[in-house]
Amino acid sequence: MSASGKEAPGPEAIAHLDSEHFDEAVVKALGDEVLRGALRNATELFSSRRSAAVASLPDWEDLRERARAIKEETLANLDAFLEEFAANAEREGVQVHWARDAAEACEVVLAVARATGATTAVKSKSMTTEEIGLNDALERGGLLPVETDLGEWIIQLAGETPSHIIVPAIHKTKAQIAELFVEKLGIPPTDDVTELTLAARRVLRETFAQADLGISGVNFGIAETGSFLVLENEGNARMTTSLPRAHIAVMGIEKVIPLFEDLEVFLRLLPRSGTGQHLTSYQTIFTGPRREGREGPEELHLLIVDNGRSAMLRERVTRQSLACIRCGACLNACPVYQQIGGHAYGSVYPGPIGAVITPQLAGLDKAAKLPFASSLCGACRDVCPVKIDIPQLLLHLRARIVLGDGPPGGKSTREGRFLERLAFRAWAWAMAGPRRYRFTAWVTRIVQPVVVGDGRIGRLARRLVPPLGAWTAARELRAAAPRSFRAEWRRTKGKV
Amino acid sequence: MRVALFVTCLVDQLWPSVGTATVRVLERAGCEVLFDERQTCCGQPAFNSGYRDEARTVARAFLEVYGRDDAEALVLPSGSCAAMVHHMAELFDESDPWHARAKAVAARTHELGAFLVNVLGVDDVGATFAGRVTWHDACHGLRDLGIREEPRRLLAKVRGIEFVEASSAESCCGFGGTFSVKYPAISVAMLDQKLQALELDEVDTIVSGDVSCLMQIGGRLARRKSPIRTLHLAELLASER
Numbered sequence: 008m009s010a011s012g013k014e015a016p017g018p019e020a021i022a023h024l025d026s027e028h029f030d031e032a033v034v035k036a037l038g039d040e041v042l043r044g045a046l047r048n049a050t051e052l053f054s055s056r057r058s059a060a061v062a063s064l065p066d067w068e069d070l071r072e073r074a075r076a077i078k079e080e081t082l083a084n085l086d087a088f089l090e091e092f093a094a095n096a097e098r099e100g101v102q103v104h105w106a107r108d109a110a111e112a113c114e115v116v117l118a119v120a121r122a123t124g125a126t127t128a129v130k131s132k133s134m135t136t137e138e139i140g141l142n143d144a145l146e147r148g149g150l151l152p153v154e155t156d157l158g159e160w161i162i163q164l165a166g167e168t169p170s171h172i173i174v175p176a177i178h179k180t181k182a183q184i185a186e187l188f189v190e191k192l193g194i195p196p197t198d199d200v201t202e203l204t205l206a207a208r209r210v211l212r213e214t215f216a217q218a219d220l221g222i223s224g225v226n227f228g229i230a231e232t233g234s235f236l237v238l239e240n241e242g243n244a245r246m247t248t249s250l251p252r253a254h255i256a257v258m259g260i261e262k263v264i265p266l267f268e269d270l271e272v273f274l275r276l277l278p279r280s281g282t283g284q285h286l287t288s289y290q291t292i293f294t295g296p297r298r299e300g301r302e303g304p305e306e307l308h309l310l311i312v313d314n315g316r317s318a319m320l321r322e323r324v325t326r327q328s329l330a331c332i333r334c335g336a337c338l339n340a341c342p343v344y345q346q347i348g349g350h351a352y353g354s355v356y357p358g359p360i361g362a363v364i365t366p367q368l369a370g371l372d373k374a375a376k377l378p379f380a381s382s383l384c385g386a387c388r389d390v391c392p393v394k395i396d397i398p399q400l401l402l403h404l405r406a407r408i409v410l411g412d413g414p415p416g417g418k419s420t421r422e423g424r425f426l427e428r429l430a431f432r433a434w435a436w437a438m439a440g441p442r443r444y445r446f447t448a449w450v451t452r453i454v455q456p457v458v459v460g461d462g463r464i465g466r467l468a469r470r471l472v473p474p475l476g477a478w479t480a481a482r483e484l485r486a487a488a489p490r491s492f493r494a495e496w497r498r499t500k501g502k503v
Numbered sequence: 112m113r114v115a116l117f118v119t120c121l122v123d124q125l126w127p128s129v130g131t132a133t134v135r136v137l138e139r140a141g142c143e144v145l146f147d148e149r150q151t152c153c154g155q156p157a158f159n160s161g162y163r164d165e166a167r168t169v170a171r172a173f174l175e176v177y178g179r180d181d182a183e184a185l186v187l188p189s190g191s192c193a194a195m196v197h198h199m200a201e202l203f204d205e206s207d208p209w210h211a212r213a214k215a216v217a218a219r220t221h222e223l224g225a226f227l228v229n230v231l232g233v234d235d236v237g238a239t240f241a242g243r244v245t246w247h248d249a250c251h252g253l254r255d256l257g258i259r260e261e262p263r264r265l266l267a268k269v270r271g272i273e274f275v276e277a278s279s280a281e282s283c284c285g286f287g288g289t290f291s292v293k294y295p296a297i298s299v300a301m302l303d304q305k306l307q308a309l310e311l312d313e314v315d316t317i318v319s320g321d322v323s324c325l326m327q328i329g330g331r332l333a334r335r336k337s338p339i340r341t342l343h344l345a346e347l348l349a350s351e352r
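Residue numbers (my numbering), protein chains in the order written: chain A, 8 to 503; chain B, 112 to 352.
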């Protein structure tokens, strides 16, 4: 975990990354009324459930403080906690693997799959495996990966990527899912949710019976005991991790917490923030494989992935990005996410947290637009259970992007910012002294009538000055007043 | 109390009536208002867009004006600019003398409504206003500075007012500085969703503590030919009919 440039994340750090086309994706999303309706309903529902669940805990703010403190402590000594965690897991019989990047991580899983002779792998929901592109890698290696979380399974069936961290199919309506099932499963048309779920269950039960390898994510790794925890609601993670002969759990390095008792804090925060539940339907703690008197798979593997995370440890401001417990509350609270949904971000991590971790994982130049796609309203910070100051991170990343702080040899993030830079230099000059300020205001009042007018010059100005055109496309422009406040103050000698 | 007024660049140039109203309200609350004509901007547009060097240049000009004045408080008719003043020290290393100056100025900087209620202990400034009014919480005032009850207490004391709390009061209006022109379509979509909930409540006036939000909300309402009008908190509190 050195700070050398060599360990900067590679271009393939996030699978299916397409954040460079954010602007086009936004236009598409905003034009999709069905998508926006589905988003509005779902984000409102999850936000109100969250509020109700949070209100049931009088010590919510205290819990957030404690969670943040635990994360701070862990991240400040992450190497030591990871070593303790891995050593204790190995003592319990877990085979621990480490991967520096996505490619290495996929290789490890493939090697485990080959060693077990698996042809089918069942998966429970895991964003880290989405991030590293594990399904593609498994398919290339001749395996059949099958998602078993209902939402993830729907997405896989549709050949799409998740659009939300915890609700992967949030962008789909019931009708769209029914249509998909008719097409792919050959079931008779129905809009009955129970019927649809049963159809999925029939297919998935058969797959569970055939699979030789189960792949899961990890919500929390406990350094003290070498155990790890998986939270879920459908029982599919439990089947994924108990029916096949071997189980491999994939976790990012930031998922470790020091003590078993720390779960007391996180188990109250995570389900409430994510789905508004007081607790998920299932919580499974894994401590080693099957042994005399203990249940579990015959083989238990744990894969600990860096993939660009350790670079975030370098600075205090970016380090907090690793405190994220992937609850998805910031997505539901975000007015931008509410309008455009997850796919527009072009990253498995969308919304406010996606806008800060995607550029850090994949490289600023690969996702330079995302940190700017926020009004900085701060709703994300208010709901974050671990008190990540997302607006502060967005501002930090914006500053780095403006400075052209990309990976060495990579496409500069400064490109295309020439005019903007010039504009801000001119603005700073104008604002740095009262005379220049008055001069600029005077010039503005002279050019204003033609520039904001409906005449030919006005139309030309709106084309030549993009911000002007962008503002006036759907809003009237507020013009400078005939007399400024300072002029009025001077005229009336302070008796305004 | 001797109060320095930082009127903000937007109010100075686009909304001088808000500046005038601010002076009137502060004087009515017993303050002596000082206005330093060297003031320009707080630097927020550059700071929020990632142009830290440019923001620092403007912040130094700001601190030159307010780092040495003898006013007891610095009052702004804007939660957003007040929040920027609170962030200003972040632009300078802790060892840089400008850092300490920025902190000292921030410590006596207040948004107008919060200043009236929390510092002066005044919630009735003798205003009268006839209309069905709703409040828009500007994000930085609400979430950076924690200003929520103060404007509502002030509005509650206005004579003749019919106050309607909107379900979307705390939703962002979509302005977000350069965000409003970098992503105009998202910006307007956010506002339209907020307005949908507001118009259902049948208000005739939207009041807020920031002219930047009012520029966004008012600019959209005007384009939609809506009869709803926008007003700054200071204008409402200065109103006598």
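No residue lacks a Cβ here, since even glycine has one placed at the ideal position from N, Cα and C.
For Trp-449(A), count neighbouring C-beta atoms within 10 Å of its own C-beta (all shown protein chains included) and say buried if the count is 16 or more, exposed if not. So Trp-449(A) counts as exposed.
Please state the DSSP three-state secondary structure of Pro-152(A). Pro-152(A): strand per DSSP, three-state reduction.
Return the CA-CA distance between Pro-304(A) and Leu-329(A), expressed in angstroms with no decimal places. So the two alpha carbons sit approximately 30 Å from each other.
Can you tell me whether Pro-296(A) is buried or exposed? The criterion is at least 16 other CB atoms within 10 Å of its CB, across all chains shown. Of the residues assessed, Pro-296(A) falls on the buried side of the cut-off, its CB having 16 or more other CB atoms within 10 angstroms.
Enumerate in chain order the residues of its own chain whose CB-to-CB distance from Leu-307(A) is below 6 Å, with the five nearest sequence positions on each side excluded. Once the five neighbours on either side are set aside, the close Cβ partners of Leu-307(A) are Val-101, His-254 and Pro-296.
Residues within the segment 336-364 of chain A neighbouring chain B, beta-carbon criterion of under 7 Å: Taking 7 Å as the Cβ-Cβ cut-off, the segment 336-364 of chain A approaches chain B at Pro-342, Val-343, Gln-346 and Ile-347, given in chain order.
Please compile the residues from chain B whose C-beta is within a distance smaller than 7 Å of the C-beta of Glu-495(A). Within 7 Å Cβ-Cβ: Pro-127 and Thr-131.
Assigned secondary structure, Lys-336(B) (DSSP; H/G/I helix, E/B strand, else coil): The answer is coil: DSSP assigns Lys-336(B) none of H, G, I, E or B.
For His-285(A), three-class secondary structure by DSSP: In this structure, His-285(A) counts as coil in the three-state DSSP scheme.
Please go through the same chain and pick out, in chain order, the residues whose beta-carbon is closer than 6 Å to the beta-carbon of Leu-368(A), but skip the five residues on each side of it. Within the same chain, Pro-16, Ala-20, Ile-21 and Gly-315 come within 6 Å of Leu-368(A) by CB-CB distance, once the 5 residues on both sides are set aside.
Ile-464(A) versus Val-458(A): straight-line alpha-carbon distance, rounded: If you take the alpha carbons of Ile-464(A) and Val-458(A), they lie about 6 Å apart.
Nearest candidate by alpha-carbon position, reference Glu-138(A), set Pro-366(A), His-285(A) and Glu-99(A): Nearest option by C-alpha distance: Pro-366(A).
Residues near Glu-222(B) by beta carbon distance below 7 Å, same chain, minus five either side: Hits under 7 Å: Leu-187, Ser-189, Gly-190, Ala-193, Gly-252, Leu-256, Ile-258 and Gly-320.
Assign Ile-184(A) to one of three DSSP states: helix, strand, or coil. In the three-state scheme derived from DSSP, where H, G and I count as helix and E and B as strand, Ile-184(A) is classed as helix.
Neighbour flag for Gly-366(A) against chain B, beta carbons, 8 Å: Per the sequence presented here, residue 366(A) reads as Pro, with Gly not at that position. Not an interface residue.
Can you tell me whether His-251(B) is helix, strand or coil according to DSSP? In the three-state DSSP reduction, His-251(B) falls in the helix class (H, G or I).
For the candidate residues Val-228(B), Gly-288(B), Gly-242(B) and Leu-302(B), whose alpha-carbon lies nearest to that of Ser-279(B)? Comparing Cα-Cα distances from Ser-279(B) to each of Val-228(B), Gly-288(B), Gly-242(B) and Leu-302(B), the minimum goes to Leu-302(B).
Are Val-153(A) and Thr-126(A) close, meaning C-beta to C-beta below 8 Å? For Val-153(A) and Thr-126(A), no; Cβs fall outside 8 Å.
Looking only at its own chain, which residues have a Cβ that is under 7 Å from the Cβ of Glu-91(A), when we skip the five neighbours before and after it? Within the same chain, Ala-230 come within 7 Å of Glu-91(A) by CB-CB distance, once the 5 residues on both sides are set aside.
Hey, which unbroken runs of the beta strand (DSSP E) at 3 residues or more fall wholly within the segment 173-251 of chain B? Runs found: 184-187, 220-222 and 239-247.
What are the start and end residues of the beta strand (DSSP E) that includes His-308(A)? Under the DSSP assignment, His-308(A) falls in the beta strand (DSSP E) whose first and last residues are 306-312.
Mapping DSSP to helix, strand and coil, what is Gln-399(A)? Gln-399(A): helix per DSSP, three-state reduction.
Run of the alpha helix (DSSP H) containing Leu-200(A), from where it starts to where it stops: The amino acid occupying residue 200(A) in the given sequence is Val; Leu does not appear at that position. Its alpha helix (DSSP H) spans residues 200-217.
Short of 6 Å in beta carbon distance, which residues of its chain neighbour Leu-320(A), apart from the five on each side in sequence? Order them along the chain. So the qualifying residues of the chain are Arg-326.
Cα-Cα separation, Arg-470(A) to Gly-476(A): So the alpha carbons of these two residues sit roughly 6 Å apart.
Considering only residues of the same chain and omitting the five flanking positions on each side of Trp-496(A), which have a CB-CB separation below 8 Å? Once the five neighbours on either side are set aside, the close Cβ partners of Trp-496(A) are Val-503.
Cut-off 8 Å between Cβ atoms - residues of its own chain near His-178(A), not counting five sequence neighbours on either side: Correct list, in chain order: Leu-42, Ala-45, Leu-46, Ser-170, His-171, Gly-348, Gly-349 and His-350.
Please state whether the Cβ-Cβ distance between Gly-353(A) and Asp-25(A) is less than 8 Å. It is a contact, given that the beta carbons lie within the stated cut-off.
According to DSSP, is Ser-223(A) helix, strand or coil? Ser-223(A) falls in the strand class under three-state DSSP.
Pair every Cβ in the segment 227-240 of chain B with every Cβ in the segment 170-182 of chain B, then say whether three or more of these pairs are closer than 8 Å. Here the segment 227-240 of chain B does not lie against the segment 170-182 of chain B, with fewer than 3 beta-carbon pairs under 8 Å apart.
Kindly provide the ranges of any alpha helix (DSSP H) runs that are 4 or more residues long and lie completely inside the segment 36-85 of chain A, ordered along the chain. If we require 4 residues or more, the alpha helix (DSSP H) runs fully inside the segment 36-85 of chain A come out as 40-62 and 67-83.
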